[in-house]
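Step one of this worksheet: look at the structure below.
Number of protein chains: 2
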Amino acid sequence: MKAGPLQLGVAPPANRGIAILDFFLRLIAIIGTLASAIAMATTNQTLPFFSQFVRFRAKFNDLPSFTFFVVASSIVSAYLILSLAISILHIVKAHAVNSRILLLFLDTAAMGLLMAGSAAATAIVQLAHNGNNKVNWFSICQQYNDFCKRVSGSLIGSYAGVVMLIILILLSGVALSRR
Amino acid sequence: MKAGPLQLGVAPPANRGIAILDFFLRLIAIIGTLASAIAMATTNQTLPFFSQFVRFRAKFNDLPSFTFFVVASSIVSAYLILSLAISILHIVKAHAVNSRILLLFLDTAAMGLLMAGSAAATAIVQLAHNGNNKVNWFSICQQYNDFCKRVSGSLIGSYAGVVMLIILILLSGVALSRR
Numbered sequence: 001m002k003a004g005p006l007q008l009g010v011a012p013p014a015n016r017g018i019a020i021l022d023f024f025l026r027l028i029a030i031i032g033t034l035a036s037a038i039a040m041a042t043t044n045q046t047l048p049f050f051s052q053f054v055r056f057r058a059k060f061n062d063l064p065s066f067t068f069f070v071v072a073s074s075i076v077s078a079y080l081i082l083s084l085a086i087s088i089l090h091i092v093k094a095h096a097v098n099s100r101i102l103l104l105f106l107d108t109a110a111m112g113l114l115m116a117g118s119a120a121a122t123a124i125v126q127l128a129h130n131g132n133n134k135v136n137w138f139s140i141c142q143q144y145n146d147f148c149k150r151v152s153g154s155l156i157g158s159y160a161g162v163v164m165l166i167i168l169i170l171l172s173g174v175a176l177s178r179r
Numbered sequence: 001m002k003a004g005p006l007q008l009g010v011a012p013p014a015n016r017g018i019a020i021l022d023f024f025l026r027l028i029a030i031i032g033t034l035a036s037a038i039a040m041a042t043t044n045q046t047l048p049f050f051s052q053f054v055r056f057r058a059k060f061n062d063l064p065s066f067t068f069f070v071v072a073s074s075i076v077s078a079y080l081i082l083s084l085a086i087s088i089l090h091i092v093k094a095h096a097v098n099s100r101i102l103l104l105f106l107d108t109a110a111m112g113l114l115m116a117g118s119a120a121a122t123a124i125v126q127l128a129h130n131g132n133n134k135v136n137w138f139s140i141c142q143q144y145n146d147f148c149k150r151v152s153g154s155l156i157g158s159y160a161g162v163v164m165l166i167i168l169i170l171l172s173g174v175a176l177s178r179r
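Okay, structure coming up:
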């Protein structure tokens with residue numbers, strides 16, 4: 001097989017470098033998604049006043065989009081932890097192809113799921129902050145200030161996870177082209 | 001270069017088949033995303049009653065998430081139309097590598113953007129249908145029934161686009177492994 005002018009550079013040992021980078025990027029993505037899943041899942045705020053019948057308490061599962069966010073980022077965290085095994089396999093076996101294609105597909109699906117969870121939660125956080133007077137949905141962040149802050153903060157980790165997964169997909173492509 | 005046991009099958013002309021499939025999947029994705037962008041952007045409903053000061057009218061840009069959805073799916077549609085040129089190049093030049101990696105990266109970014117727009121819009125559609133009595137956001141679909149139906153329907157096309165893009169990313173990986 002001749003190296004054409006469009007080829008990136010073909011020394012297979014370079015794949016070991018990519019595999020090691022892949023492993024560390026996965027670790028960063030795990031920390032980001034796991035932290036944001038935990039931060040969202042443990043968020044609740046009880047207001048200091050209450051009526052006879054009702055305590056004012058906000059929890060993440062009051063809003064279905066936040067529940068979806070917690071489920072999605074938990075699934076992606078679990079997948080990323082399991083995928084470390086294949087990542088280590090790639091450090092040892094630089095020529096593996098089928099397992100790289102499998103990982104490319106699963107990374108893409110995981111990125112889609114994590115992005116869907118993050119975007120749905122962001123849409124609701126935006127509404128909680130600003131409300132929408134066209135349809136009479138009021139901001140809840142004046143009352144549930146701490147709840148809103150924590151919920152907004154927990155999105156950062158999952159967006160970091162999305163960025164890591166995009167880089168991982170790109171690295172898989174480069175590694176596949178260099179066998 | 002010897003074909004190892006992990007390799008999928010190596011005849012380069014097979015890449016032409018993948019490139020042709022790639023082209024047609026892109027066409028389907030363009031139809032889906034473009035249709036849903038247009039369907040969402042042209043949605044509006046004016047209620048048959050009005051007070052002295054206010055006409056009750058719902059448009060997509062009353063809700064920021066719907067605006068984001070229209071912008072995101074328009075950008076992805078435009079990108080997919082432009083990417084047809086590279087897709088045709090791949091049918092002609094089955095061995096291209098760098099342009100495949102570029103397309104893999106851009107497809108991944110486009111998939112993330114489209115998924116973010118769709119998920120944000122879905123979160124708001126869900127709220128419009130069901131409301132949320134924990135935070136006093138009321139359903140608006142009883143009044144704006146046609147608006148809600150059309151908005152919900154327009155999401156289908158963009159999710160079809162997401163699925164097409166995931167398959168395109170997988171095909172890129174397979175094509176890269178088979179040079």
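Just so you know, the protein sequences line up as chains A and B, in that order. With UniProt numbering as the guide, the letters of the first sequence map in order to residues 1 to 179. With UniProt numbering as the guide, the letters of the second sequence map in order to residues 1 to 179. Idealized CB from N, CA, C, for every residue including glycine.
Cβ of residue i less than 8 Å from any chain B Cβ?
| i | result |
| --- | --- |
| G9 (chain A) | Confidence is the limiting factor: at G9 (chain A) the pLDDT is only 43, short of 50, which leaves the residue's position unreliable, though a coordinate-based value still follows. Not closer than 8 Å to any Cβ of chain B, the Cβ of G9 (chain A) fails to qualify, so no. |
| S83 (chain A) | no |
| K134 (chain A) | yes |
| G4 (chain A) | With a pLDDT of only 45 at G4 (chain A), under the threshold of 50, the placement of this residue in the model should not be trusted; the figure read from the coordinates follows. So, interface residue. |
| F147 (chain A) | no |
| Q45 (chain A) | no |
| I75 (chain A) | no |
| D22 (chain A) | no |
| G173 (chain A) | yes |
| S177 (chain A) | yes |
| P48 (chain A) | no |
| I156 (chain A) | no |
| Q142 (chain A) | no |
| I86 (chain A) | no |
| T67 (chain A) | no |
| residue 203 (chain A) | Given a span of 1 to 179 for chain A in the structure shown, any question on residue 203 (chain A) remains unanswerable. |
| A120 (chain A) | yes |
| A37 (chain A) | no |
So residue i and residue j are supposed to be a Cβ contact under 8 Å. How far apart are they, rounded?
| i | j | result |
| --- | --- | --- |
| S118 (chain B) | V162 (chain B) | 7 Å |
| R26 (chain B) | L84 (chain B) | 6 Å |
| residue 230 (chain A) | L165 (chain A) | With chain A covering only 1 through 179, there is no way to say anything about residue 230 (chain A). |
| L113 (chain B) | S172 (chain B) | 17 Å between Cβ atoms; not a contact. |
| S152 (chain B) | S36 (chain B) | That pair is no contact at about 11 Å. |
| V135 (chain A) | D146 (chain B) | Not confirmed; about 15 Å, so no contact. |
| I81 (chain B) | I30 (chain B) | 6 Å |
| T43 (chain B) | F56 (chain B) | Between F56 (chain B) and T43 (chain B) the Cβ distance is about 15 Å, and since that is not below 8 Å, they are no contact. |
| A116 (chain A) | A72 (chain A) | 6 Å |
Please return the same chain residues whose Cβ sits closer than 8 Å to the Cβ of residue i, not counting the five positions on each side in sequence.
| i | result |
| --- | --- |
| I20 (chain B) | I91 |
| L106 (chain A) | Y79, S83 |
| V125 (chain B) | C148, V151, S152, L155 |
| I167 (chain A) | L25 |
| Q7 (chain B) | In this predicted model, Q7 (chain B) has a pLDDT of only 45, less than 50, meaning its place in the structure is not dependable enough to derive any value. |
| I169 (chain B) | L104, D107, T108, M111 |
| V97 (chain B) | L176, R179 |
By Cβ distance, which residues of its chain are closer than 6 Å to residue i, with the 5 residues on each side in sequence left out?
| i | result |
| --- | --- |
| A128 (chain A) | I140, C141, C148 |
| L34 (chain A) | S77 |
| Y144 (chain A) | Q45, A58 |
Is any non-hydrogen atom of the ligand NAD found closer than 7 Å to the C-beta of residue i, if you look at the structure I gave you?
| i | result |
| --- | --- |
| T33 (chain A) | This structure lacks the ligand NAD; in fact it carries no ligand of any kind. |
Let me see if you follow: with CB-CB separation under 8 Å, is residue i close to chain A or not?
| i | result |
| --- | --- |
| I91 (chain B) | no |
| M40 (chain B) | no |
| G112 (chain B) | yes |
| F138 (chain B) | yes |
| L25 (chain B) | no |
| A19 (chain B) | no |
| V162 (chain B) | yes |
| L170 (chain B) | yes |
| F60 (chain B) | no |
| I28 (chain B) | no |
| L63 (chain B) | yes |
| L106 (chain B) | no |
| V71 (chain B) | no |
| T33 (chain B) | no |
| H129 (chain B) | no |
| A14 (chain B) | no |
So the alpha helix (DSSP H) residue i belongs to, where does it begin and stop?
| i | result |
| --- | --- |
| H90 (chain B) | 64 to 92 |
| N98 (chain A) | 98 to 130 |
| Y159 (chain A) | 145 to 177 |
| S36 (chain A) | 14 to 41 |
Can you list, in chain order, the residues of its chain with a C-beta nearer than 7 Å to that of residue i? Leave out the 5 residues immediately preceding and following it.
| i | result |
| --- | --- |
| A160 (chain B) | G32 |
| I18 (chain A) | L171, V174, A175 |
| T67 (chain A) | F60, N61 |
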